[in-house]
Amino acid sequence: MSSLFQTRIDRRLLLKGAAGTAALALAGCSNAVGTNAGAQLDARVDETHNYLIQNYPSAQALVQNARGVLYMPLMTEAALGVGGAYGQGALRIGGATVDYYSATRATVGFQAGAQQYAHVLIFQTDGALASFRASPGWLAGANAFYAIPQGGMALGADTITAQLPVVAMIFGQAGLMAGASIEGTKYTRIIPSEIPTLGFGGLGLPQMPQMQMPQMGRS
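In case it helps, the UniProt record's numbering puts the sequence shown at residues 1 to 219.
Shown next, in the form of structure tokens:
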């Protein structure tokens with residue numbers, strides 16, 4: 001039995017927008033890299049990266065070999081009628097931040113009682129990364145591959161093949177979370193906002209204060 005629970009990635013989502021890869025030229029324009037708000041967010045991303053590598057050493061090879069890695073240091077859920085979640089993060093290529101992203105989710109079905117969580121998307125192919133960056137609002141589908149340890153802190157990364165376009169890792173204070181999903185999460189390139197950095201429980205990750213959720217329109 002595999003040491004990881006997995007489902008096939010939704011290749012249609014990954015290929016969507018591939019014809020618009022020329023939009024990648026926008027990635028370096030007005031992305032706030034180097035600003036104070038960007039520096040604050042990068043500090044959170046650094047903590048998320050360090051937490052992942054220190055607690056799951058086998059993930060280091062995945063990150064090093066990735067075409068790009070999206071770090072979302074903290075998603076905060078809020079019950080607003082139908083509920084929702086919001087967070088900010090950064091896309092890194094070769095270890096350097098190239099763009100900042102927001103992640104929004106219009107419904108709360110992540111895990112019973114969960115209020116805060118972090119996640120990482122590892123793009124293993126050029127096509128998957130290009131599709132993500134070219135999309136004005138990349139929507140995570142239902143059929144993603146989730147890396148979850150079956151015992152201890154071993155990730156079993158050797159079972160993750162390079163043919164998997166995107167690998168998702170979702171974790172809370174207790175580590176990688178079984179049964180968690182990013183389905184319905186929409187990722188949009190942003191200029192990051194100023195958010196104070198606080199401690200986040202046992203993870204040692206920064207915590208976002210309560211904030212007003214943005215209006216969530218149709219995808």
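Ideal Cβ placement from N, Cα and C applies to all residues, glycine included. Source: prediction; values computed, not measured.
Give me the Cβ distance between residue i and residue j, rounded to the nearest whole Å; I'm assuming they're in contact under 8 Å.
i	j	result
residue 147	residue 184	No, residue 147 and residue 184 are not in contact; Cβ-Cβ is about 20 Å, not under 8 Å.
residue 100	residue 38	7 Å
Please go through the same chain and pick out, in chain order, the residues whose beta-carbon is closer than 6 Å to the beta-carbon of residue i, but skip the five residues on each side of it.
i	result
residue 93	68
residue 85	75, 77 and 105
residue 196	Low confidence applies to residue 196: its pLDDT is 42, below 50, so where it sits in the model is not reliable, and the reading given next is rough at best. Around residue 196: no qualifying Cβ.
residue 95	none
Just the Cα atoms here: how many angstroms apart are residue i and residue j?
i	j	result
residue 72	residue 189	13 Å
residue 105	residue 138	12 Å
residue 40	residue 47	11 Å
residue 176	residue 36	30 Å
residue 193	residue 126	29 Å
residue 61	residue 187	25 Å
residue 102	residue 136	12 Å
residue 115	residue 180	13 Å
residue 51	residue 58	12 Å
When you compare each of the options to residue i by their alpha carbons, which one comes out closest?
i	options	result
residue 76	87, 179 and 169	87
residue 49	182, 187 and 122	122
residue 166	115, 136 and 63	63
residue 129	51, 164, 53 and 52	164
Near residue i, which residues of its chain fall below 8 Å by C-beta distance, leaving aside the five closest residues on each side in sequence?
i	result
residue 45	71, 73, 89, 90, 92 and 97
residue 66	122, 123 and 124
residue 53	59, 60 and 63
residue 158	The predicted position of residue 158 is uncertain, since its pLDDT is 49 and thus under 50; a value taken from the coordinates is nonetheless stated next. Excluding residues within five positions, the ones whose Cβ falls inside 8 Å are 58.
Are the C-beta atoms of residue i and some chain C residue less than 8 Å apart?
i	result
residue 48	Of the protein chains in the structure, only one exists, and it is not chain C.
Near residue i, which residues of its chain fall below 7 Å by C-beta distance, leaving aside the five closest residues on each side in sequence?
i	result
residue 182	119, 140, 144, 168 and 170
Flag residue i as yes when its Cβ comes closer than 7 Å to any non-hydrogen atom of the ligand MG, and as no otherwise.
i	result
residue 180	Although the ligand MG was asked about, the structure shown includes no ligands whatsoever.
Which ranges does the beta strand (DSSP E) cover as unbroken runs of at least 3 residues, wholly within the segment 35–83, from first to last along the chain?
-> As far as the segment 35–83 is concerned, its whole beta strand (DSSP E) runs of at least 3 residues are 68–78.
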